[in-house]
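K.L.:
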Amino acid sequence: METSNTSLLSILTYFILLLVIQRVESAWINHDVYLKCLQCQNSNSISKVAYTPKNSSFSSIFLSSEQNLRPASTSALKPTLILAPFHESHIQAAIYCAKKPGIQIRVRSGGHDYEGLSCTSPSNHPFVIVDLRNLSSISIDAESSTAWIQGGATLGELYHKIAENSKTLAFVAGVCPTVGVGGHFSGGGYGMMSRKFGLAVDHIIDAKIIDVNGRILDRQSMGKDLFWAIRGGGGGTFGIIIAWKVNLLPVPEIVTVFNLTKTSEQNATQLLHKWQYIDPNLLIRPIISNVNSSQNGKITLQATFNSLFLGGVEELLSVMNRSFPELGLVKEDCTEMSWIESILFFAGIATSESADVLLSRTPLGRAYFKGKSDFVKQPISENGLQGIWERMLEEADGLVELEFSPCGGRLSEISEYGTPFPHRAGNIYMLHYAAAWGSNSETEEKLTWIRRLYSYMASYVSSCPREAYVNYRDLDLGVNNDGNHPSYKVATIWGTKYFKNNFERLVHVKTKVDPSNFFRNEQSIPPLSSW
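Going left to right, the sequence shown walks through residues -26 to -1, 1 to 505 as mature numbering (1 follows the signal peptide of the UniProt record, and there is no 0) numbers them.
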């Protein structure tokens, strides 16, 4: 019996090894066919923008903008080629040449996809990366308060360019300067001014996209449905967006920020409970995190309340005394500065630094990381908040955070059908769960912890569906079945969590513009095969 089991194991091992070899050989065949096709399409310039595993710089290009080390560590297959185009024609060639050999295209703007779908293939399907880093120009028209931004620009580059041209113009988007505009805008774009101005997508007035047929379309030629879909429907689904036009937003020359930390001994739980009821026009973002106590070396928790106020400190204190006096904010806790200095402040960069630091595309830090999200519609009780503290104290090693991002204000005034981002009226705040660690050997332990906290929160957050933010991509919510024709029913499991009732309209747009499902990943919108 033991001999029989050993023989069976040997046979299974042989077939598994054979499948792996076939997959690798197939990838290299596709790679050779793809590269030859690119050379035929752009013989004079393709060598300057194409990187194969044979290039000495391939690995550095591949890892250069990846902040999260976890996806690449679990993906067996690396890209067969990385294309860093300088011109739209390079992208058109990339699309044309990928069709015949059946190679998937992954588009990378800044490399911050939470599950690494812009640079890996969890399903191990041969793929190439179209890295937009060289398409990063930004044109500001201060007179009309508009900007054209290429899809490969980072948020830091955008903020820097705006500040170069005006002291009283800004844009609403995220706090991390190395995040790419292309992916961020495609999913919504929440930021520290979202209660005042809404999301980034609420201010997009035009775009240029290269579709599955290689056509370059603007707002007029793409039609209202596709223009609606790309403003929050997630990246990697409808085409490759090469540029966005946005309305810039007015800000005063002086804004005020604060970053006030409270521990459980300083009534942090009670303060967080009260925070849920404050004026919806006041944006204060609490973050619960674990820290090592300097006194006894034990892990403790703290709640940090940070805020960006569009005005001076005296005006802020007046508003705080009316809306949230329990926090005990005083003038010494606040700092007046310019809007561009506030960008440095919330990125964790000293405001004494030159704003030129925002031009760096190098991630501020690299770690193994997992994120998840929720939306809260009813205030969580003090007992419920205490349960969060207890579960976060269970994680002694690594960094864990729970971020409370306020909804309300302008964010909630826009219809949930106005863009694919549906999390509008009725939400008090968005939760962002984050765990970071330093070694791949810790991955399973950390994933278990964050999933356990997420499970605990089920009774306190939205339900039917349990909503999530697509820019905090989470493959735990579900993935498409592999192949060119993923199941609509399977995709609905994760799709309605991100997009609620807008998911169906996104599917219809996808069916119309990309019926063969050329642009796809593990969580891309599927077409209806019956169309």
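No residue lacks a Cβ here, since even glycine has one placed at the ideal position from N, Cα and C.
(1) Find the nearest neighbour of S168 within the set R365, R189 and V149, judged by alpha-carbon distance.
(2) I'd like to check one pair, Q276 with T237: are the Cβ atoms closer than 8 Å?
(3) DSSP three-state label for N280, please.
(4) Specify the secondary structure class of G157 as computed by DSSP and reduced to three states.
(5) State the CB to CB distance for the pair N42 and G84, rounded to an integer number of angstroms; the pair is presumed to be in contact (CB under 8 Å).
(6) Using a 10 Å radius around the Cβ and a threshold of 16 neighbouring Cβ atoms, would you call K74 buried or exposed?
(7) By Cβ distance below 6 Å, which residues in the same chain neighbour I35 in space, the five residues on each side in sequence not counted?
(8) Just to confirm, are A410 and L373 a CB contact at a threshold of 8 Å?
(9) With a threshold of 6 Å on Cβ separation, who are the neighbours of V231 within its own chain once the five nearest residues in sequence on each side are excluded?
(10) Sort S21, E419, R340 and L257 by Cα distance to E369 and report the nearest one.
(11) Enumerate, from N- to C-terminal direction, the unbroken beta strand (DSSP E) stretches of 3 or more residues contained entirely within the stretch 357 to 430.
(12) List the residues that DSSP assigns as beta-bridge partners of A72.
(13) Please report how far the alpha carbon of N414 lies from the alpha carbon of G286, in whole angstroms.
(14) Quick one: complete alpha helix (DSSP H) runs, 4+ long, within the stretch 5 to 44?
(15) With a threshold of 8 Å on Cβ separation, who are the neighbours of E40 within its own chain once the five nearest residues in sequence on each side are excluded?
(16) What residue range does the beta strand (DSSP E) around M311 cover?
(17) Are the C-beta atoms of E368 and some chain C residue less than 8 Å apart?
(18) If you reduce the DSSP assignment to three classes, tell me which class W2 lands in.
(19) Which first and last residues belong to the beta strand (DSSP E) in which Y342 is found?
(20) With 16 other CB atoms within 10 Å as the buried threshold, where does C71 fall?
(21) Taking just the CA atoms, how far does G383 sit from residue 506?
(22) Which whole runs of the alpha helix (DSSP H) in the stretch 218 to 303 are 4 residues long or more, in chain order?
(23) Looking at C-alpha atoms only, which residue of Y462, T393, N454 and H459 is the closest neighbour of P96?
(24) Check the C-beta distance from residue 510 over to W249 and give it rounded, since I have them as a contact under 8 Å.
(25) Mapping the DSSP letters down to three states, classify T94 as helix, strand or coil.
(26) Just the C-alpha distance for L449 and T120, rounded to the nearest angstrom, thanks.
(27) Only counting the same chain, and skipping five residues up and downstream in sequence, which positions put a Cβ closer than 7 Å to that of L(-15)?
(28) Over what stretch of residues does the alpha helix (DSSP H) that includes V146 continue unbroken?
(29) On a CA-only basis, which of P260, M311 and I252 is nearest M294? Give me that one, please.
(30) Specify the secondary structure class of Q338 as computed by DSSP and reduced to three states.
P.N.:
This is what the structure gives:
(1) Closest option to S168, Cα to Cα, is V149.
(2) In contact: T237 and Q276 (Cβ atoms closer than 8 Å).
(3) Collapsing the DSSP output to three states places N280 in a strand.
(4) DSSP places G157 in helix when its eight states are reduced to three.
(5) About 12 Å separates the two Cβ atoms, so there is no contact after all.
(6) Classification for K74: exposed.
(7) Here the set comprises Y25 and I56.
(8) Inclusion of A410 and L373 in the CB contact set at 8 Å is warranted, their separation being smaller than that value.
(9) Cβ within range, chain order: L282, T309, S316 and F319.
(10) Nearest of S21, E419, R340 and L257 to E369, Cα basis: E419.
(11) Counting whole runs of 3 or more residues, the stretch 357 to 430 contains the beta strand (DSSP E) stretches 373 to 380 and 403 to 411.
(12) Residue pairing from DSSP leaves A72 without any beta-bridge partner.
(13) One alpha carbon belongs to N414, the other to G286, and they sit about 46 Å apart.
(14) Unbroken alpha helix (DSSP H) stretches of 4 residues or longer found wholly inside the stretch 5 to 44: 32 to 37, given in chain order.
(15) Cβ within range, chain order: A46, G85, G90, C93, P337 and R340.
(16) That run of the beta strand (DSSP E) goes C308 to M311.
(17) The chain labelled as chain C is not found in the depicted structure, where only one protein chain is given.
(18) Residue placement at W2 is flagged as unreliable, the pLDDT there being 45, under the threshold of 50; a coordinate-derived value is accordingly withheld.
(19) Element bounds for Y342: Y342 to V350.
(20) Around the C-beta of C71, 16 or more other C-beta atoms lie within 10 Å, and the residue is accordingly described as buried.
(21) With the chain running from -26 to 505 in the structure shown, residue 506 is simply not present.
(22) For the stretch 218 to 303, whole alpha helix (DSSP H) runs of length 4 or above, ordered along the chain, are 242 to 249 and 287 to 297.
(23) Nearest option by C-alpha distance: N454.
(24) There is no way to answer for residue 510, as the model of the chain reaches only from -26 to 505.
(25) T94 falls in the coil class under three-state DSSP.
(26) The straight-line gap separating the alpha-carbon atoms of L449 and T120 is approximately 36 Å.
(27) Because L(-15) sits at a pLDDT of 44, beneath the cut-off of 50, its placement in the model cannot be relied upon, and the point is left open.
(28) Per DSSP, V146 is not a residue of any alpha helix (DSSP H), being assigned neither H nor E.
(29) Check the Cα spacing between M294 and each of P260, M311 and I252: the tightest is with I252.
(30) It should be noted that the sequence gives Leu, not Gln, for residue 338. The answer is coil: DSSP assigns L338 none of H, G, I, E or B.
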